[in-house]
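Below is one structure; the comments refer to it alone.
Numbering (the numbering used here), first residue to last: 5 to 376.
So this is what it looks like as structure tokens:
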């Protein structure tokens with residue numbers, strides 16, 4: 005059974021390069037030269053084997069003529085290729101109508117393409133191998149963090165309940181030592197401090213974008229670096245924030261207990277702190293109890309974010325590996341084209357003579373036609 009990954013590879017590394025194979029007309033064997041005596045007898049005129057560019061049929065709308073010398077354009081998957089054109093369009097004013105060396109009749113360009121596809125597969129495999137270990141560690145961390153977060157939250161919930169009860173008792177006692185106007189003023193002042201905290205770096209909500217599968221756009225080779233930065237941000241969120249969240253909850257619970265202890269100590273100290281300062285301390289403890297859960301309102305929110313980050317890391321690395329293969333394919337095609345051109349420039353005389361032999365009328369053709 006073909007796996008989704010194998011199907012994707014087959015689609016991106018198909019037998020033919022993007023845009024179809026090199027035009028068959030360029031590799032089709034030329035018809036044998038016509039026999040003048042036979043043409044005279046049959047009334048048919050000799051047709052040139054090379055077409056006139058001015059009489060060539062224009063390409064249909066929406067299609068592009070393909071030049072094997074421009075075969076660097078890759079066929080690899082449509083998911084990554086988008087609409088970016090990596091190579092200039094062939095010159096349509098003088099379309100080639102004959103096969104080109106180094107092989108006049110055999111499509112050796114197919115060998116180049118096969119080698120390029122092999123290089124692309126290797127590049128993709130190497131990219132996966134580079135991140136395979138890290139992805140395995142993230143899977144283990146994901147499984148551990150899911151259970152640990154629920155446990156840490158249950159432990160913290162007991163601490164929060166105890167702290168809330170004690171801080172309410174402390175606030176009730178402190179209010180008895182303050183005038184109503186003083187309490188209202190302190191409440192407004194504390195709220196203004198909270199308003200200013202809204203401008204501080206966001207510590208709430210999932211640290212991964214909603215599009216954790218990177219499906220918001222079509223990715224091309226030219227966008228590899230931008231995609232890499234996005235993937236690394238997702239992985240930083242997973243490694244430095246989400247996986248550490250269970251321990252962060254425990255630390256916030258311990259810090260909450262420490263604040264309550266400081267409030268209790270300050271309330272019993274001699275001389276006692278001013279009622280206003282004690283009231284502000286109590287408000288801080290109450291705020292810390294409200295903020296103890298950090299980014300997530302409940303366990304479900306945490307697990308959804310954790311899953312999104314892990315999915316983003318996996319999908320992002322998959323896309324980057326595919327783009328690495330695309331880049332390897334394009335580079336290989338460009339090298340193949342340069343190699344063919346260099347060979348032809350170095351063998352112009354020999355190839356001219358070889359082509360002349362092919363174009364020369366076959367010996368005995370007229371005699372054979374006359375005998376017929």
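All C-beta atoms, glycine included, are put in the ideal place defined by N, C-alpha and C.
Neighbour flag for residue i against chain D, beta carbons, 7 Å
i	result
residue 274	You won't find chain D in this structure, because it holds only one protein chain.
Cβ shell of residue i (< 6 Å), same chain only, five flanking positions each side left out
i	result
residue 331	225
residue 321	135
residue 83	Interpretation of residue 83 is limited by its pLDDT of 43, a score under 50 that renders its predicted location unreliable; no figure is taken from the coordinates.
residue 362	none
residue 235	320
residue 92	Only weak support exists for where residue 92 lies, its pLDDT of 38 falling under 50; the coordinates are left without a value.
residue 65	Bear in mind that a pLDDT of 42 at residue 65, under 50, signals an unreliable position, so the number given afterwards is only what the model happens to contain. Nothing meets the Cβ criterion.
residue 194	287
Expected contact under 8 Å - CB spacing of residue i and residue j to nearest Å
i	j	result
residue 313	residue 174	Actually they are not in contact, since the Cβ atoms of residue 313 and residue 174 sit about 40 Å apart, beyond 8 Å.
residue 218	residue 323	6 Å
residue 348	residue 355	7 Å
residue 260	residue 150	About 24 Å separates the two Cβ atoms, so there is no contact after all.
residue 256	residue 298	7 Å
Proximity below 7 Å, CB of residue i to CB of residue j
i	j	result
residue 127	residue 293	no
residue 211	residue 164	no
residue 262	residue 178	no
residue 315	residue 216	yes
residue 291	residue 190	no
residue 161	residue 296	no
residue 131	residue 325	yes
residue 223	residue 231	yes
Own chain residues within Cβ distance below 8 Å of residue i, not counting five before or after
i	result
residue 119	336, 340
residue 258	none
residue 58	Residue confidence for residue 58 is low, a pLDDT of 41 falling below 50, so the modelled location carries little weight; the figure read from the coordinates is stated next. Answer for residue 58: no residue qualifies.
residue 187	179, 283
Neighbourhood of residue i by C-beta distance below 7 Å, restricted to the same chain and skipping five residues each side
i	result
residue 142	242, 314, 317
residue 148	none
residue 239	317
residue 95	With a pLDDT of 45 at residue 95, under the threshold of 50, the predicted position of this residue should be treated as unreliable, though the coordinate-derived value follows. Excluding residues within five positions, none has a Cβ falling inside 7 Å.
residue 271	174, 282
residue 181	279
residue 25	Unreliable placement is indicated for residue 25, whose pLDDT of 37 sits below 50; no coordinate value is reported for it.
residue 213	none
residue 200	none
residue 203	none
inquiry  = Whether or not the stretch 157 to 172 and the stretch 250 to 267 are in contact is what I'm after, with contact meaning three or more pairs of Cβ atoms, one per stretch, closer than 8 Å; do they touch?
reply    = yes
Cβ contact check for the stretch 240 to 251 and the stretch 142 to 158: 3 or more pairs under 8 Å = yes
request  = May I ask you to verify whether the stretch 196 to 215 touches the stretch 298 to 305, counting CB pairs closer than 8 Å and requiring at least 3?
outcome  = Touching, yes, given that three or more Cβ pairs across the two stretches are closer than 8 Å.
inquiry  = Runs of 4 residues minimum, wholly inside the stretch 224 to 284: which ones carry the alpha helix (DSSP H) assignment?
reply    = 228 to 240, 249 to 272
key: Completely contained alpha helix (DSSP H) runs for the stretch 155 to 213, where each covers 4 or more residues   = Runs of alpha helix (DSSP H) with 4 or more residues, each lying fully within the stretch 155 to 213, are found at 184 to 201, listed in chain order.
query = Residue ranges of each beta strand (DSSP E) run of no fewer than 3 residues wholly in the stretch 297 to 353, ordered along the chain?
reply = none
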